[in-house]
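Chains as they are written, first to last, in this note's numbering: chain A, 1084 to 1303; chain B, 1084 to 1303. Just so it is clear, CB atoms sit at the ideal spot from N, CA and C, and this is done for glycine as well. I have placed the structure first, in the form of structure tokens, so that the comments after it can refer back to it.
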DNA sequence: TAGATTGTTAATCGATTAACAATC
DNA sequence: TAGATTGTTAATCGATTAACAATC
């Protein structure tokens, strides 16, 4: 129940799928269906559920309503989460308006930026000066921050956030942030993702060339 | 050499670290150093290298220059990659100006959007109408696209890209895109990442409460 | 030489799959 | 009842770690 982070990511995917199925009018689902849409084996779906003490009905599958409710419980998604955006540059502002967040009980309550030109305390999501960051976190008991600062400022500002009591940071800077155990860092490294894709492509291209040795060359 | 995608991600991280070390004036490195900065075991570093036929010097470690060169080779990063941006909304435009891409031989050559207000053929990175997407990919032999469209348009446009001969798509829509084997899809699901973080936080909070049963409660 | 580090092998660990008894 | 699906156990698979011989 504690260890498996892959299982948690799959649980999140199951939940997404279930919501779609529900909106299509389904009320129950089998491990087979979920496995298909998420792209894993039915065994694994059942294993994941059993890992988190989720049970269904022999022969009757799972009731979608129950399942979603239980998943929300496990995943800590039964209350709206307040999140701050640290850095209001291009990426930060883009994420501030990200649709999917609103739909999922995730609410960005304020943003912080050093640049005065970007500050606007009256905006729907106020953009405040960096000075106020520490106080805001502490006063409003903010647990979660999204960090979209450039590499050179990232660690310094992260330290401030941690000092103020933040519990988790979703980090978009390419830096591997250091943090004490009470604050969890998850990083999304966009450059790395793209480079990974480049690797995968270059590998399939090699494979194709290799397999053409046998089959002769087709005209282009 | 073929299977392990985790190893590939680590290779990319090693490369990043090596560049930083190099800019700090280092010319050689030991598996220990790399392990430390990336946060893995030295064994694993050596194992990863051996997996890709990278060798160093007994007792002398690895020469950073050689290593970076070899990694670029393996990772397909020895040529500049042309990439198109499909969708020029907030997220798309943010990524178009993403610093880290420029530094890594990744060049975004054009963007496409349905919205006329966003189109601008004269911009540094031209924003073109969606009609031109298929032709542009075919004529310029574009291999890579970044997809930042909303869910409802994502699959339809991805199909067009695939038809035109694209080889890889970095997908930011929350949809699990379907594609034939010749096109590789990698997805970044920002909502999922944030929800994962929420789960991790809610779990550590529970743990703390649990451990307070023993130790008594500290005042807040 | 003595000491340090690589490269590889074998051991361990953990996650996934396959199989099947339980049961609706 | 016969058939289908869950939940769990054991088997498999793959990735990581530990250990150490080779060697600079």
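{"Check": "Given this structure, state the Cα-to-Cα distance separating residue 1260 of chain B from residue 1197 of chain B, to the nearest angstrom.", "Outcome": "20 Å"}
{"Check": "Taking Cβ positions, are residue 1266 of chain A and residue 1245 of chain A nearer each other than 7 Å?", "Outcome": "yes"}
{"Check": "Using a threshold of 6 Å, is the CB atom of residue 1090 of chain B nearer than that to any non-hydrogen atom of the ligand FAD?", "Outcome": "Annotation note on the ligand FAD: not contained in the displayed structure, which lists no ligands."}
{"Check": "Rounded to whole angstroms, what is the Cα-Cα separation between residue 1189 of chain B and residue 1206 of chain A?", "Outcome": "35 Å"}
{"Check": "Specify, as a first and last residue, the run of the beta strand (DSSP E) that residue 1194 of chain B falls within.", "Outcome": "1189-1196"}
{"Check": "Counting only runs that start and end within the region 1205-1235 of chain B, where is the beta strand (DSSP E) found for 3 or more residues in a row?", "Outcome": "1210-1212 and 1227-1230"}
{"Check": "Keeping to the same chain, check which residues put their C-beta closer than 8 Å to that of residue 1127 of chain A; ignore five residues upstream and five downstream.", "Outcome": "1093 and 1118"}
{"Check": "Is the region 1132-1149 of chain B touching the region 1170-1185 of chain B, taking contact as three or more C-beta pairs under 8 Å?", "Outcome": "no"}
{"Check": "Determine, using beta carbons only, whether residue 1257 of chain B and residue 1090 of chain A come nearer to each other than 7 Å.", "Outcome": "no"}
{"Check": "Can you give me the C-alpha to C-alpha distance between residue 1236 of chain A and residue 1168 of chain A, rounded to a whole angstrom?", "Outcome": "14 Å"}
{"Check": "How close, in whole Å, do the beta carbons of residue 1289 of chain A and residue 1095 of chain B come, if the pair is a contact with beta carbons under 8 Å?", "Outcome": "Rounded, the Cβ-Cβ distance is 18 Å, inconsistent with contact."}
{"Check": "Can you check whether the C-beta of residue 1221 of chain B is within less than 7 Å of a C-beta belonging to chain A?", "Outcome": "no"}
{"Check": "Using 7 Å as the threshold, is the C-beta distance between residue 1249 of chain A and residue 1268 of chain A below it?", "Outcome": "no"}
{"Check": "Just how far apart, CA to CA, sit residue 1192 of chain B and residue 1149 of chain B?", "Outcome": "30 Å"}
{"Check": "Counting C-beta neighbours from all protein chains within 10 Å, is the total for residue 1210 of chain B 16 or more, i.e. buried, or is it exposed?", "Outcome": "buried"}
{"Check": "Answer yes or no: does any C-beta atom of chain A fall closer than 7 Å to that of residue 1278 of chain B?", "Outcome": "yes"}
{"Check": "With 7 Å set as the bound, which would you pick, yes or no: does the beta-carbon of residue 1257 of chain A sit closer than that to a beta-carbon of chain B?", "Outcome": "yes"}
{"Check": "Can the beta-carbon of residue 1271 of chain A be found less than 7 Å from the beta-carbon of residue 1088 of chain B?", "Outcome": "no"}
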